[in-house]
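A.B. asks: Before I ask anything, let me first share the structure, which is written out below as structure tokens.
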Amino acid sequence: MRWQPLAAVAIAAVAAAGCEDPQPLNDAAYTDLNLSPEQNRVRAEENPELAARVPEEIAEDGELTVAHNVQPGPPFAMVATDNSTPIGVEVDQAQLVADKLGLELDLQAMSWDSWPLKLETGDIEVAHFNIGINRERLERFDFSTCRGAYMAFSTATDGPHDSIETIDDVSGLRISVSAGTNQERILLDWNEQLEAEGKEPAELAYYANGEDMVLAAAAGRVDALFGPHPTATYRESMRDDLKIVGVVNAGWPDETLVASTTKRGDGLAPLITQAYNELIDEGLYQEALARWNLEEEALPESETHSLEPYTDVEYD
């Protein structure tokens, strides 16, 4: 397979931050998701063959050290209602991988700008920050794909829009979006195409914070809110006045994926990829995503993306 990574894909927690829900994260009464410290996570059986191939410098302490974002970014990673237990889809996926590799999971919370250096120095072994694959990162890191990457349109539940998925669908609509994000880039590109075809572009509405964006969409002051799909699914689980009416690949017009990220050349990525593929075959991978209403982001197969010889993908 030949794959050309995007020059710059902003699928970081920063992109999600503009669409946070105004409801407090520690109030589990607003959602049917399990936000308690008693997670009853999906667990997997160790694969002894995989465990035996874990690089010695990683296996020697019996732990897989995985970094996640210290800033709450539901449903990626956050703290439970006890204000201390890490939970979220990226925590669940880290646990499953650690199980397969026969290692205990050691979670480390840190800022977005810390993980690259921490990976390169060996302070952590895997980064789970909703990280997208791009060419610049491939120079330094290896990747094991673990989820699709999507943006979602949300509208008022009782509003007139039931489907917004294509360029023509946004023509003439007023859409709230966070400035400087990947989702804004998509809408600006769509507007350029609409104008080239003599059609009315979408009006982009900018708000001071994510709460104002959400309230504007729920009240119908904008036709739709456009932001990261996982954030939208989490928000939809907490509110009855918003609904998701369309999904777009975050790499539009290309496709991109979210990946577990490891130090380039340390040999861990192919093992994580094999672990994910076993989890997919066993149905445990899908079960973990379903806990956070992210079934739509499930991949049929995990791949290793690397500039090392063990990659599953060829690069130009």
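Each residue of the sequence shown is one higher than the one before, counting from 0 in numbering that gives the first Met the number 0.
Note that beta-carbon positions come from the ideal geometry of N, C-alpha and C, so glycine has one too.
1) Can you say whether Gln94 is buried or exposed, counting buried as having 16 or more other CB atoms within 10 angstroms of its CB?
2) Measure the CB-CB distance between Gln285 and Ala297 and report whether it falls below 8 Å.
3) Buried or exposed: which applies to Leu24, given that a residue is buried once 16 or more other Cβ atoms fall within 10 Å of its Cβ?
4) Report the rounded CA-to-CA distance for Asn46 versus Ser301, giving the unit in angstroms.
5) Answer yes or no: do Ile166 and Glu124 have a C-beta to C-beta separation smaller than 8 Å?
6) From the DSSP secondary-structure annotation, give me the bridge partner or partners of Val257.
7) Using the C-alpha atoms, what's the distance from Ala195 back to Trp251?
8) What span of residues does the alpha helix (DSSP H) with Leu116 cover, start to end?
9) Which same chain residues end up closer than 6 Å to Ala178 when comparing Cβ atoms and leaving out the 5 residues on each side of it in sequence?
10) Enumerated in chain order, which unbroken segments of the alpha helix (DSSP H) with a length of 4 residues or greater are wholly contained in the segment 173-198?
11) Buried or exposed, going by whether 16 or more other CB atoms sit within 10 Å of the CB of Arg42?
12) Based on Cα-Cα distance, which residue from Asp239, Thr230, Ile243 and Ala207 lies nearest to Asp222?
13) Under the assumption that His67 contacts Ser259 (Cβ atoms under 8 Å), give the Cβ distance between them as a whole number of angstroms.
14) Kindly indicate the opening and closing residues of the alpha helix (DSSP H) around Asn276.
15) What are the boundary residues of the beta strand (DSSP E) that His67 is part of?
16) With 16 other CB atoms within 10 Å as the buried threshold, where does Thr232 fall?
17) In the DSSP assignment, the beta strand (DSSP E) including Pro227 goes from what residue to what residue?
18) Output needed for Phe140: all residues of its chain with C-beta closer than 7 Å, excluding positions within five of it in sequence on either side, in chain order.
19) For Ser170, I'd like the list of residues in its chain whose CB is within less than 6 Å of its CB, leaving aside the five on either flank, ordered along the chain.
20) Would the beta-carbon of Thr303 fall within 8 Å of that of Ser153?
21) Quick one: is Asp98 buried, meaning 16 or more other Cβ sit within 10 Å of its Cβ, or exposed?
22) For Gly72, which of helix, strand or coil comes out of DSSP?
23) Round the Cβ separation of Leu320 and Leu49 to the nearest angstrom and send it over; I've been treating them as touching at under 8 Å.
24) So, helix, strand or coil for Val312, using DSSP?
25) Which same chain residues, not among the five before or five after Ile163, have their C-beta less than 6 Å away from its C-beta?
26) Are Pro71 and Val88 closer than 8 Å when you measure CB to CB?
27) Can you say whether Ala155 is buried or exposed, counting buried as having 16 or more other CB atoms within 10 angstroms of its CB?
28) Any idea if Gly147 is buried or exposed, counting beta-carbon neighbours within 10 angstroms, 16 or more meaning buried?
29) From Glu277 to Pro299, what does the alpha carbon distance come to, in whole angstroms?
30) Just mark Gly282 as buried or exposed, buried being the case when its beta carbon has 16 or more other beta carbons within 10 Å.
31) Just the Cα atoms here: how many angstroms apart are Arg173 and Asn292?
C.D. replies: Walking through what the data contain:
1) Buried is the call here.
2) yes
3) Residue placement at Leu24 is flagged as unreliable, the pLDDT there being 45, under the threshold of 50; the coordinate-derived value follows with that caveat. Flag for Leu24 reads buried.
4) 17 Å
5) no
6) DSSP, once it has assigned bridges, lists Gly131 and Arg146 as partnering Val257.
7) Using only the alpha carbons, I get a separation of about 18 Å.
8) Trp114 to Thr120
9) Residues Tyr205 of the same chain have their beta carbon placed closer than 6 Å to that of Ala178, with the five preceding and five following residues left out of the count.
10) 181-195
11) exposed
12) Ile243
13) Not really, about 11 Å apart at Cβ, beyond 8 Å.
14) Leu267 to Glu281
15) Glu62 to Asn68
16) buried
17) Ala223 to Pro227
18) Apart from the 5 residues on each side of it in sequence, Phe140 sits with its Cβ closer than 7 Å to the Cβ of Leu118, Thr260, Thr261, Lys262 and Arg263 in its chain, given in chain order.
19) Leu193, Lys198 and Glu199
20) no
21) buried
22) strand
23) The question about residue 320 has no answer here: the residues shown for the chain are numbered 0 through 315.
24) coil
25) Phe152, Ala223, Val244 and Gly245
26) Not a contact, by the Cβ cut-off of 8 Å.
27) buried
28) buried
29) 11 Å
30) exposed
31) 27 Å
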